[in-house]
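Q:
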Amino acid sequence: MKKVSIFWFRRDLRLEDNHGLYQALKENENVLPLFIFDKNILDKLDNKADARVDFIHDQIGKIHQELAKKGSSILVKYGDPEVIFKELLNEYSITAVYTNRDYEPYATTRDEKVTRLLNKNHIQLHRYKDQVIFEPGEILNGSGEFYKVFTPFSKVWLSKFHSAKPEEFKPMHWKNLLQTSALELPSLQEISFTKSDISIPSKTADEDIIAHYNQTRDFPAKKGTSRLGIHLRFGTISIRKLALKASELNATYLNELIWREFYMMILAYNPQVVDQAFKPAYDRIPWRNKEEEFAAWCEGKTGYPIVDAGMRELNSTGYMHNRVRMIVASFLTKHLLIDWRWGETYFAEKLLDYELASNNGGWQWAAGTGTDAQPYFRVFNPTSQQEKFDKNWKYIKKWIPEINSDKYPKPIVDHKFARQRAIDTYKSALNQ
DNA sequence: TGAAATGTTGGGGCG
DNA sequence: ACGCCCCAACATTTC
Numbered sequence: 001m002k003k004v005s006i007f008w009f010r011r012d013l014r015l016e017d018n019h020g021l022y023q024a025l026k027e028n029e030n031v032l033p034l035f036i037f038d039k040n041i042l043d044k045l046d047n048k049a050d051a052r053v054d055f056i057h058d059q060i061g062k063i064h065q066e067l068a069k070k071g072s073s074i075l076v077k078y079g080d081p082e083v084i085f086k087e088l089l090n091e092y093s094i095t096a097v098y099t100n101r102d103y104e105p106y107a108t109t110r111d112e113k114v115t116r117l118l119n120k121n122h123i124q125l126h127r128y129k130d131q132v133i134f135e136p137g138e139i140l141n142g143s144g145e146f147y148k149v150f151t152p153f154s155k156v157w158l159s160k161f162h163s164a165k166p167e168e169f170k171p172m173h174w175k176n177l178l179q180t181s182a183l184e185l186p187s188l189q190e191i192s193f194t195k196s197d198i199s200i201p202s203k204t205a206d207e208d209i210i211a212h213y214n215q216t217r218d219f220p221a222k223k224g225t226s227r228l229g230i231h232l233r234f235g236t237i238s239i240r241k242l243a244l245k246a247s248e249l250n251a252t253y254l255n256e257l258i259w260r261e262f263y264m265m266i267l268a269y270n271p272q273v274v275d276q277a278f279k280p281a282y283d284r285i286p287w288r289n290k291e292e293e294f295a296a297w298c299e300g301k302t303g304y305p306i307v308d309a310g311m312r313e314l315n316s317t318g319y320m321h322n323r324v325r326m327i328v329a330s331f332l333t334k335h336l337l338i339d340w341r342w343g344e345t346y347f348a349e350k351l352l353d354y355e356l357a358s359n360n361g362g363w364q365w366a367a368g369t370g371t372d373a374q375p376y377f378r379v380f381n382p383t384s385q386q387e388k389f390d391k392n393w394k395y396i397k398k399w400i401p402e403i404n405s406d407k408y409p410k411p412i413v414d415h416k417f418a419r420q421r422a423i424d425t426y427k428s429a430l431n432q
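Under the UniProt record's numbering, think of the first position of the first sequence as 1, with each following residue one higher.
1) Enumerated in chain order, which unbroken segments of the alpha helix (DSSP H) with a length of 4 residues or greater are wholly contained in the UniProt domain "Photolyase/cryptochrome alpha/beta" (3-133)?
2) Residue 382 and residue 301: beta carbons closer than 8 Å?
3) With burial defined as no fewer than 16 other Cβ atoms inside 10 Å of the residue's Cβ, what is the status of residue 329: buried or exposed?
4) What does the Cβ neighbour count give for residue 225, buried or exposed, with the cut at 16 atoms within 10 Å?
5) Once you ignore the five residues that flank residue 365 on each side, which residues in its own chain have a CB closer than 7 Å to its CB?
6) At the level of alpha carbons, what is the spacing between residue 317 and residue 51?
7) I'd like the list of long-range same chain contacts for residue 129, defined as Cβ closer than 8 Å, with 5 residues on each side in sequence excluded.
8) I'd like to confirm the pairing. Which residues does DSSP put opposite residue 178 in its beta bridges?
9) When burial is assigned at 16 or more other CB atoms within 10 Å of the CB, is residue 305 buried or exposed?
10) Please classify residue 320 as buried or exposed, where buried requires at least 16 neighbouring CB atoms within 10 angstroms.
11) How long is the line joining the alpha carbons of residue 177 and residue 154, rounded to whole angstroms?
12) Using DSSP's beta-bridge definition, name the partner residues of residue 140.
13) For my contact list, residue 76 and residue 60 are in at a C-beta cut-off of 8 Å; report their separation, rounded to the angstrom.
14) May I ask which residues mark the beginning and end of the alpha helix (DSSP H) holding residue 235?
15) State the start and end residues of the unbroken alpha helix (DSSP H) segment that holds residue 359.
16) Quick one, which of 336, 413, 387, 406 has its alpha-carbon nearest residue 426's?
17) Thinking just about the alpha-carbon of each residue, which of 110, 113, 123 is nearest to the one in residue 476?
18) For a quick check, are the C-beta atoms of residue 166 and residue 244 less than 8 Å apart?
19) Does the count of Cβ pairs from the segment 10-24 and the segment 228-246 closer than 8 Å reach three?
20) Give the C-beta separation of residue 173 and residue 25 to the nearest angstrom, bearing in mind that I take them to be a contact with Cβ-Cβ under 8 Å.
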């Protein structure tokens, strides 16, 4: 049996500045890169033309080609990771396994199982910090507890960041890759998926966009946001490089990266937020949950142009501008009084840049149920939001061509009425 | 990273 | 010059 060390790729699909890969190559010879299409995750996706799976498949293909140039290859498997590792133990003499940490509830459980399996075989699973600047537990308050409010968290984050800037992991010791002929990659069909017709934007972060982020980010008709979400999700860019760039270019943008880590930390310490309000009292709200209203929201037929434009952008591109995400989330939870979990699930299915921690945090923020939440009586006015952020109707017209015709629906509910209903409903639920 | 209602202030018109 | 009113602009409170 061939003696190898394994580097297990997950949400870090790049060869440059990859912490775990760097360590594996530095400390071992014959490093075999591995990727597993995780059946546990993929089986839950109903859409078998999911652009994210397509994207991952493409990225693995690119890594495969890059490794071939170095005389190596990536081993790609499809199945339950624990089962796959059992098989690998029979095929290879494994000296160690390296990987980067992932803090989501499922990932944590999976990694514990794999750790137990490997340890039984006297193999270590070495895990490294790679997808964040500061991971859960690194930023705590004076009493050693996690922060429940963003602002003090961000102050500590920034001071730590400025006192010790992250460095790129290089040079990579490529000579320690296992030299092997190219291993076969499974096709999309072999993992039960097909090509999506949604294409993923390139990862070249336009520096101008980041530099002007604070001035342009709120206007959905402009190219004012980086659209790097999916690349942060799957690790096709390095958070270290991006955070350094952000700290040079735009404090507001850097702040968004801190929000990302804030919500990752909140999720790691409070895994129950996946399906419960961070503030338990808010689970007493009697959601109306009208199916037909939810359908109208999903389809972009609420009769509120800024809401409908956002939902249509999401449905046809897998992306929605961040300002509009807040507006549609406020509308669903406040105007229609539909459970934030319904909206969160819909976003999870549609958003290419879907990140559990951020999506959950954002929805709980909008619904007013989360940490550092907006008070429940803050109800976005979809009309004034539109007047502020899309006053020339440019974004709206792009996504709702029939906006001025009689085909466009009348408002699903009167704003003034719905606002009052939301405030009253929240108030009486919380006073119980 | 609200919005709407209510309160305050101060300038200008006017007797 | 003064008081009064109106009202816009801004500030504060309330939901």
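Glycine included, C-beta positions come from ideal geometry on N, C-alpha and C.
A: Judging by the given coordinates:
1) Counting only runs of 4+ residues, the alpha helix (DSSP H) found wholly inside the UniProt domain "Photolyase/cryptochrome alpha/beta" (3-133) occupies 19-27, 39-42, 51-69, 81-91, 105-120, in chain order.
2) Going by C-beta atoms, residue 382 is not nearer than 8 Å to residue 301.
3) Answer is buried; the Cβ neighbour count reaches 16.
4) Buried is the call here.
5) Closer than 7 Å at Cβ, skipping near neighbours: 373, 374.
6) A straight-line Cα-Cα distance of about 10 Å links residue 317 and residue 51.
7) Excluding residues within five positions, the ones whose Cβ falls inside 8 Å are 19, 100, 101, 135.
8) Answer is none; residue 178 lacks a bridge partner.
9) The residue is buried, with at least 16 neighbouring Cβ atoms inside 10 Å.
10) Answer is buried; the Cβ neighbour count reaches 16.
11) Looking at the two C-alpha atoms, the distance is approximately 39 Å.
12) Partner(s): 146.
13) About 6 Å separates the two Cβ atoms, so the contact holds.
14) Per DSSP, residue 235 belongs to no alpha helix (DSSP H) and is neither H nor E.
15) Looking at the DSSP string, the run of the alpha helix (DSSP H) that includes residue 359 is 356-367.
16) Nearest C-alpha to residue 426: 336.
17) There is simply no residue 476 to check, as the chain begins at 1 and stops at 432 in what is shown.
18) A distance below 8 Å separates the beta carbons of residue 166 and residue 244.
19) A contact exists between the segment 10-24 and the segment 228-246.
20) That belief holds up - the Cβ atoms of residue 173 and residue 25 are roughly 4 Å apart, short of 8 Å.
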